[in-house]
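A short write-up of the structure that comes next.
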Amino acid sequence: MAAVPNTLPKTKPRTDATFTLAELREQAKALRLHGLLAHWSEITADPESQRRVHQWLQWELAERADRSLERRLRDAHLGQFKPLADFDWNWPREVDRAAIEELMGLQFLQDATNVVLVGPNGVGKSMCAANLGYQAVLAGHTVLFTTAGQMLSELAALDSDSALRRRLQRYATPDVLLIDEVGYLSYSDRHADLLFELVSRRYLSKSTVVTTNKKFAEWNQVFPSAACVVSLVDRLMHRAEVVRIDGESYRQKEAEERAAQRAAARTAATRARSTAKARA
């Protein structure tokens with residue numbers, strides 16, 4: 001995925017007042033401002049015109065960059081998630097913080113490395129995946145977040161070959177595809193074949209991020225009778241970064257803390273009512 005959308009110049013909007021005519025012309029070409037380019041000789045002859053055109057181009061670049069970011073965030077379907085800065089690294093029994101923080105630098109995208117986050121329910125796998133997707137969007141990449149159940153059910157429900165090809169292309173195209181919750185449900189051979197087809201289309205060209213509660217050796221429980229499981233795992237694992245997170249459910253911990261806070265609030269309210277009654 002390119003760091004800058006194809007419709008924009010590779011040079012970012014600049015806030016300083018220094019610029020060259022060559023830079024201005026490159027930006028005007030990238031923005032396809034053909035009318036402006038037709039009068040370029042008039043701009044080069046007047047320093048004040050150069051200054052104004054520079055300012056107008058920066059406004060246009062910034063506006064297009066903002067619209068591109070908004071569109072890619074909307075298309076990513078990341079939903080609500082906790083920022084990595086708020087993650088309690090002391091809660092999991094096992095987590096490679098250095099590996100996760102290194103992944104947030106997005107170097108794995110350079111050679112289409114896959115990322116597999118393995119661990120039990122509620123330890124932060126989906127949160128880490130969503131943060132990876134968000135960082136990729138900010139860097140100019142296209143991203144799509146989906147659950148395994150939603151994606152495979154959607155693909156399996158398509159009747160015509162042409163509709164299936166179009167939908168597979170939708171999942172194969174993003175620079176980063178995040179597939180959440182592989183292993184929470186069991187799937188048929190048809191679902192396994194579809195996942196294998198998708199992984200094969202992205203193999204060695206696009207990065208796929210998977211969260212799963214199953215070790216790869218247990219994926220035959222997810223796809224009980226599928227013949228392609230070994231090949232599916234082999235393609236996912238080749239050139240993959242596997243990070244294990246282990247521990248008790250953080251969601252359960254937060255639920256217990258909220259319950260304790262509500263109980264404390266009710267106790268305090270009861271005491272306050274009793275005190276008010278006694279004074280009366």
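Going by UniProt numbering, the first residue of the sequence shown is number 1, and it counts up by one from there.
Using N, Cα and C, we set each Cβ at its ideal position, and we do this for glycine too.
Please read these numbers as outputs of a predicted model, since none were measured by experiment.
| query | result |
| --- | --- |
| Identity of the residue in 103, 205, 226 nearest residue 191 by Cα | 226 |
| Counterpart residues of residue 145 in DSSP-defined beta bridges | 178 |
| Buried or exposed (CB count within 10 angstroms, at least 16 for buried), residue 230 | exposed |
| Proximity to residue 242 [Cα-Cα], best of 262, 26, 96 | 96 |
| Cβ pair residue 36, residue 43 closer than 9 angstroms | yes |
| Cβ neighbour criterion (16 or more within 10 Å) applied to residue 2 | Low local confidence applies: a pLDDT of 34 at residue 2 is under 50, so the model's placement there is unreliable, with the coordinate-based value given in what follows. Exposed: under 16 other Cβ atoms inside 10 Å. |
| Cut-off 6 angstroms between Cβ atoms - residues of its own chain near residue 116, not counting five sequence neighbours on either side | 210, 240, 242 |
| Residue 118 - DSSP class collapsed to helix/strand/coil | strand |
| Contact set for residue 131: own chain, Cβ-Cβ below 6 angstroms, skip 5 residues either direction | 84 |
| Cut-off 6 angstroms between Cβ atoms - residues of its own chain near residue 287, not counting five sequence neighbours on either side | Nothing in the structure corresponds to residue 287, since the chain is present only between 1 and 280. |
| Beta-carbon proximity list for residue 205, same chain, < 8 angstroms, skipping 5 on both sides | 112 |
| Counted within 10 angstroms of its Cβ, other Cβ atoms place residue 234 as buried (16 or more) or exposed | exposed |
| Same chain, Cβ closer than 6 angstroms to residue 19, five either side skipped, listed in chain order | 54 |
| Run of the beta strand (DSSP E) containing residue 241, from where it starts to where it stops | 240-244 |
| Cβ separation of residue 72 and residue 182, assumed to be a contact under 8 angstroms, to the nearest whole Å | Actually they do not touch by this definition, with Cβ atoms about 24 angstroms apart. |
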